[in-house]
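Q: FYI, UniProt numbering numbers position 405 of the sequence shown as 405, with every residue one higher than the one before it.
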Amino acid sequence: MLKFTCCFDISKEFEHLIRATQNEQNVNPELSATVVGQEKDGIVLYTWDSKSQFSGDIEVTHVGIYDPVKQTNKVLFIHDKKLTIVGASINQEHSLLAFTSFEPSQEWDLSSHVQPKGTYKVFLAELQPQNNVFNLNIQRQRYVKVQFLYGQYRGFGETAYKESHMLVFLHKEAIGLYHIAMARMGDKGIMMSGQPKTEICFGKFAWAQWDMHLQRLYIIHHKKENLHGMEQAVPVLAGFQFQAHMLEHPFELMFDVILDLPIPQAKKSSSSTYLDLRLSHSIPDANMNLLVLSLPNGTVCLCHQQTGGFKSGGRKKHHDNTRTATGEVPLQYSVCMIHHGSILQCVVPVATQANAAKNRIFFTMHNECVLVFLPGHFVHLLNVSLEYEPSHHILFHDVAYPDLTEEAGVEKTSLSKGGLLTHLYREKSGFCLFESSEGKGYKLSINKECLQRMFTDCYTNSTKMAILNYVIIKTKDWGVVKQLIEYMCNDIASPEVELLMEEFLIASTYSAMRRQIERDQLQLLPFTSIDTARGQLEKNHNNHKLAQVTYFPMKHNVNMGRRHSSGGDSGQRARKLSVDDLPESLSRHFKIKQQLQVSRFDPRSVSRLLHAMRDRPEDFQKSSLSENHLQEPGRGRRVLKTLSMKFRKLNEVLTPKVPIKAKSVTIITPESTRQNSPETGVGNMPVLPGEEKEEEFVYEDQPTASTTTQQLSQHMSKYLKQDVQGKIQNLASEYVSCQFIQSKQLFHMLWSILNTQEKIVHLDTPSCLKDYELFQAMERYLMVTQDLAFPLWKGFHTFFTGLAFRCLDFSLFLQYVDSGILTLTPTFVEQVLTELEDNRETDRIKFQILSKLPKEESVQYFIKSGHPCSKTFLAEQYVQATLLDDPVPRSARSSASSFEGDDLSMTSSGGAGGLSIGSVDSMEVGTYTQQTFPPLSTLLKLLETKDPEFKNKMPRREMTSNVNQVDKMFIESTATMYRSMQQ
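1. Figure out for me which residue from 257, 940, 442 and 379 has the closest Cα to the Cα of residue 342.
2. With a 10 Å radius around its C-beta and 16 neighbouring C-beta atoms as the bar for buried, classify residue 95 as buried or exposed.
3. How close, in whole Å, do the beta carbons of residue 236 and residue 299 come, if the pair is a contact with beta carbons under 8 Å?
4. In the DSSP assignment, what residue or residues form a beta bridge with residue 397?
5. Tell me whether residue 225 is buried or exposed, calling it buried when 16 or more other Cβ atoms sit within 10 Å of its Cβ.
6. Taking the runs of the alpha helix (DSSP H) that are 4 residues or longer, which of them lie wholly in the region 809–869?
7. Looking at the unbroken alpha helix (DSSP H) that takes in residue 742, where does it start and where does it end?
8. So, does the region 217–224 touch the region 534–553, judging by three or more C-beta pairs under 8 Å?
9. Since residue 738 contacts residue 775 with CB under 8 Å, what's their CB separation in whole angstroms?
10. Quick one: does residue 837 have its CB under 9 Å from some CB of chain D?
11. Using 8 Å for Cβ pairs, my map puts residue 144 next to residue 169. What's the rounded Cβ distance?
12. Among 838, 301 and 376, which residue has its Cα nearest to the Cα of residue 382?
13. For residue 557, I'd like the list of residues in its chain whose CB is within less than 8 Å of its CB, leaving aside the five on either flank, ordered along the chain.
14. Using a Cβ-Cβ cut-off of 8 Å (strictly less than) and excluding sequence neighbours within five positions of residue 764, which residues of its own chain qualify?
15. The alpha helix (DSSP H) with residue 498 in it runs from where to where?
16. To the nearest whole angstrom, what separates the beta carbons of residue 750 and residue 489, a pair I think is in contact under 8 Å?
17. Quick one: what's residue 77 bridged to in DSSP?
18. Between residue 604 and residue 787, how many whole angstroms is the CB-CB distance? I'm expecting something under 8 Å.
19. Where does residue 945 fall in DSSP's three states?
20. Taking 6 Å as the limit between beta carbons, can you name the residues of its chain near residue 121, skipping five residues before and five after?
21. Does the region 532–543 come close enough to the region 451–468 to have 3 or more Cβ pairs within less than 8 Å?
22. Buried or exposed, going by whether 16 or more other CB atoms sit within 10 Å of the CB of residue 1001?
23. Tell me, to the nearest whole angstrom, how far the beta carbon of residue 88 is from that of residue 37; I am working on the premise that it is less than 8 Å.
24. In terms of alpha-carbon separation, which member of 240, 164, 521 and 128 lies closest to residue 190?
25. Decide if residue 525 is buried, meaning its Cβ has at least 16 other Cβ atoms within 10 Å, or exposed.
26. List the endpoints of the continuous beta strand (DSSP E) containing residue 345.
27. Mind checking whether residue 199 and residue 180 have CB atoms under 9 Å apart?
28. Since residue 123 sits in a beta bridge, which residues does DSSP pair it with?
29. For residue 234, which residues in the same chain have their Cβ closer than 6 Å to its Cβ, ignoring the five residues on either side in sequence?
30. Evaluate the contact criterion for the region 507–525 versus the region 467–484: three or more CB pairs, one atom per stretch, below 8 Å.
31. Just the C-alpha distance for residue 798 and residue 823, rounded to the nearest angstrom, thanks.
32. What residue range does the beta strand (DSSP E) around residue 426 cover?
33. Work out the CA separation of residue 531 and residue 196 for me, nearest whole Å.
34. Please confirm whether residue 42 and residue 69 have their CB atoms less than 9 Å apart.
35. Taking DSSP as the reference, what is the three-state secondary structure of residue 49?
36. Does DSSP put residue 258 in a helix, in a strand, or in coil?
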């Protein structure tokens, strides 16, 4: 699933410099360097041991610096002896180098990736010029980390007096801040001008992490809390921002929160084991796999893995010792989503590893998602974005998809060896995965081909919907979206098709609105069709559980720190906050979440409302959403005019090269720069029957669009501020316009995938298997759009009914019409009357289709058809109106006069097309046999109406099956016989 692109190779980056520093007679071909630190500007510090030109035959430790921007290397410092440097940092002026050395007290097994017991020491070296190395008199049995601060602190710039600031982390003791005064010596030399001043920033802590890129510090410490009537020590996560403009206190609290995680308390008496991870941005405690991931928009996640296999003073949960029947050890990790106030917990059964370091999970942020990676086992992409509730997690396991990892050579060869993984910052690539054992950095990306194959092979629908949602909202790669829809169409009868269509419509509409409105407004719109409050269970085809994701609310609220005035230009400060101020974004998010308690709009509520209005119209007569209100001419025209304008505006933005009235879209080639266009590779859009007659943008179902606009406006008005109330109607109109565009886009994809013709064919064209698959797809498409109340465009119902007419048996076609699935549009009826030939079978089909229409419409279409049997029908209608003493319909009167002089006395079986005509009250074919005489039938009905006793007065025949009924057929057949004899 992951694609690894090597962006850093220590053997290639530093090889030339390392070889140049060695004595030509003592070249070590197996020499390798080790990365020991990285700073805010991206420079990399690395060390190696070799015999230099000045040390003779004695191996000494070298420290080099690599500038990735200038791509230059140089020797920074050469010690007079060989040391094991486990961490280093350089100040902003590159005048001081601080490093931590480690002296093991026992034999060191490098293959275990764990440092043995030993002593950590801290040194400070002057670099301009290289003069003295100072021992800071810090010797500890626990890990010690040093880190210089970067920023425009006092003395920064071209001044004679300078000052450097350095943090010193003493694990489980304290964090100190060193203020080192510097003085310029000559033109280039800078030396320490006095003893460093120290202050204690924080006391005892259990874990710490330094964000060198944003100059932030995250620590976990314990404090006493009264829980359930007992005083207990609870872990607390605190985040601090270091600011250069704050002279007295160069850091401020961003937030703190009590954690519901099993983190052992920091005790001096407890022993600790540390990983052999030289490039580490946190305390590399082997028994605590912790990492804080954050984004400028306010997303903050604390990733935690319950590790085992090392000696630790902490307690283990029951999951660590539980084995499955197959010998697997359930591995558990948690992601504390501070911005959502909830905890995501995942349990994964994985194979037992002899080396516990190989079960250490790597966490990173990728495309606003937390990427959880255990080489050789699984890749999880957790959707924890601040924009919406956590859902749609992509859970990839090698056990379920073994074929998808064959091409991932990097993952199988290098990363699966069990090397420790950490982060390396690259200016162009961002944070990359760094493999410590081989010294290589990899840029991580999602393998699109693997993602597509995973979509087809995955067992659960939740994973398929997660992949589709991720591709639409995160990657916006419409070429991949089309591939996923094409895979979906391979089994169009599957029940999951409707779920995927729903996800496409809602997610694509959200993605389109995402670029136009603010985040406060965006959180009121739906982004998925599923319930976000549920967990997720991943299984393989053997029904074996691969992973289980559950959610738990955090028991304690997040406390935001107070912000101090920064002084200076307030406009510049405001611009800075909008870019990378996490506390401001997080505080704003919590304020909206706590005060408004917003909920997202449910498009299904519109569908439910429309059904209720049609089923119980009397309940909505006085409602603001009654049918009269929806059909109000003035208001309806204003709403549709607004929607039309918004549609044209959005269509120009999404497809700037294609006019809205154009009947085709541009075919995008793979070499084109518009790879993310929705029209990529979908071909020409068909011209639907009746669509070409529309001069303006018109919805197929206008009440649906109007009701959606009205309901969404009411929903948004509950939560938005008063100053944007005037824009709510426009926002709702834009949303409906986006719904229309995405609805048509899905139809376009289905057409391009399943269609066999370049244009809409006539109704008499025989259908094939591909046409039936297209009909099934369109049937599900119609059901989804009706369920979600998505608008359709003019011409779809005509197209769908025509497709059903060609693909279905005619009796089944009529059942679809009776159930309301198919709509007999005027355009379709005209097609039936014009495109079908005149013969006995087609005349029966035409008559049955006309009989499904309302009476007035059927009369108009029957007259308009000009069929010879329409003369008999008009005569029958005229006689009926005359006998019932009713005014003759104008259409019948005018049409009958036009037939004056023609022979209207056609027999029931003697029409030109042989069509049997029944009474107007019952136009069903087969109601009367060929011996039916319609005028006499009408006369008998009239007599029965005027005289209720008429049935009893009529003579009865013994053969009549019902003695209470007059045998009309006998009378009519007799009258017909005498009439024929007279002729």
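Just so it is clear, CB atoms sit at the ideal spot from N, CA and C, and this is done for glycine as well.
A: For this structure:
1. Within the sequence shown, the letter at position 342 stands for residue 342. Out of 257, 940, 442 and 379, 257 has the C-alpha closest to the C-alpha of residue 342.
2. For this step, residue 95 is matched to residue 95 along the sequence shown. Here residue 95 is buried, its C-beta having at least 16 other C-beta atoms within 10 Å.
3. Position 236 of the sequence shown holds residue 236. Position 299 of the sequence shown holds residue 299. Not confirmed; about 20 Å, so no contact.
4. As a first step, residue 397 is located in the sequence shown; it is residue number 397 there, counting from the start. In the DSSP output, where bridge partners are listed per residue, residue 397 has 378.
5. Position 225 of the sequence shown, counted from the start, is the residue given in the question as residue 225. With fewer than 16 other Cβ atoms within 10 Å, it is exposed.
6. Qualifying alpha helix (DSSP H) stretches, in chain order: 810–818, 826–835, 840–851 and 855–865.
7. The residue given as residue 742 occupies position 742 in the sequence shown. Boundaries of the alpha helix (DSSP H) harbouring residue 742: 728–754, taken from the DSSP string.
8. No contact exists between the region 217–224 and the region 534–553.
9. Along the sequence shown, one-based indexing puts residue 738 at 738. Along the sequence shown, one-based indexing puts residue 775 at 775. About 27 Å; that fails the 8 Å criterion.
10. Looking at the structure shown, chain D is missing, and only one protein chain is on hand.
11. Counting from one through the sequence shown, the residue named residue 144 turns up at place 144. Counting from one through the sequence shown, the residue named residue 169 turns up at place 169. By a beta-carbon distance limit of 8 Å, residue 144 contacts residue 169. Their separation comes to about 7 Å.
12. Working through the sequence shown from its first residue, we reach residue 382 at position 382. Nearest of 838, 301 and 376 to residue 382, Cα basis: 301.
13. Position 557 of the sequence shown, counting from 1, holds the residue named residue 557. Excluding residues up to 5 positions away in sequence, 257 and 341 lie with their Cβ nearer than 8 Å to the Cβ of residue 557 in the same chain.
14. As a position in the sequence shown, residue 764 is number 764, starting the count at 1. Apart from the 5 residues on each side of it in sequence, residue 764 sits with its Cβ closer than 8 Å to the Cβ of 835, 836 and 837 in its chain, given in chain order.
15. Locating residue 498 in the sequence shown gives position 498, counting from the first residue. Residue 498 -> alpha helix (DSSP H) spans 496–514.
16. Counting from one through the sequence shown, the residue named residue 750 turns up at place 750. Counting from one through the sequence shown, the residue named residue 489 turns up at place 489. Contact flag correct, Cβ pair sits at about 7 Å.
17. The residue you call residue 77 lines up with position 77 of the sequence shown. When beta bridges are read from the DSSP output, residue 77 appears opposite 63.
18. Here residue 604 refers to the residue found at position 604 when the sequence shown is read from its first residue. Here residue 787 refers to the residue found at position 787 when the sequence shown is read from its first residue. About 6 Å separates the beta carbons of residue 604 and residue 787, which is inside the 8 Å limit, making them a contact pair.
19. Taking the sequence shown and counting its residues from 1, one reaches residue 945 at position 945. Look at residue 945 here: in three-state DSSP terms it is helix.
20. Here the question's residue 121 lines up with position 121 in the sequence shown. Cβ-Cβ distances below 6 Å link residue 121 to 101 and 139 in the same chain, with the five nearest sequence neighbours on each side left out; the list follows chain order.
21. Yes: the two stretches touch, three or more of their Cβ pairs being nearer than 8 Å.
22. With the chain covering only 1 through 983, there is no way to say anything about residue 1001.
23. Numbered from 1 along the sequence shown, position 88 holds the residue referred to as residue 88. Numbered from 1 along the sequence shown, position 37 holds the residue referred to as residue 37. Taking a contact as a CB-CB distance under 8 Å, the pair residue 88 and residue 37 counts as one, their CB atoms being some 4 Å apart.
24. Against the sequence shown, residue 190 aligns to sequence position 190. Ranking the options by Cα distance to residue 190, first place goes to 128.
25. Locating residue 525 in the sequence shown gives position 525, counting from the first residue. That one is buried.
26. For the purposes of this step, residue 345 is identified with residue 345 of the sequence shown, where counting begins at 1. Counting along the chain, residue 345 sits inside the beta strand (DSSP E) bounded by residues 342–350.
27. As a first step, residue 199 is located in the sequence shown; it is residue number 199 there, counting from the start. As a first step, residue 180 is located in the sequence shown; it is residue number 180 there, counting from the start. The answer is no: Cβ separation not under 9 Å.
28. Residue numbering aside, residue 123 sits at position 123 when the sequence shown is read from its first letter. Per DSSP, the beta-bridge partners of residue 123 are 99 and 135.
29. Here residue 234 refers to the residue found at position 234 of the sequence shown. In chain order, 225 and 258 place their CB closer than 6 Å to the CB of residue 234, counting only its own chain and leaving out the 5 sequence neighbours on each side.
30. Yes, they touch.
31. If you number the sequence shown from 1, residue 798 lands on position 798. If you number the sequence shown from 1, residue 823 lands on position 823. Linking residue 798 to residue 823 through their CA atoms gives a straight-line distance of about 7 Å.
32. Here residue 426 corresponds to residue number 426 of the sequence shown, with the count starting at 1. Counting along the chain, residue 426 sits inside the beta strand (DSSP E) bounded by residues 421–426.
33. Position 196 of the sequence shown holds residue 196. Position 531 of the sequence shown holds residue 531. Between the alpha carbons of residue 196 and residue 531 lies a distance of about 58 Å.
34. Against the sequence shown, residue 42 aligns to sequence position 42. Against the sequence shown, residue 69 aligns to sequence position 69. Contact: yes.
35. Taking the first residue of the sequence shown as 1, we reach residue 49 at position 49. Residue 49 sits in a strand when the DSSP states are folded into three classes.
36. Counted from its first residue, the sequence shown places residue 258 at position 258. Here residue 258 sits in strand by DSSP.
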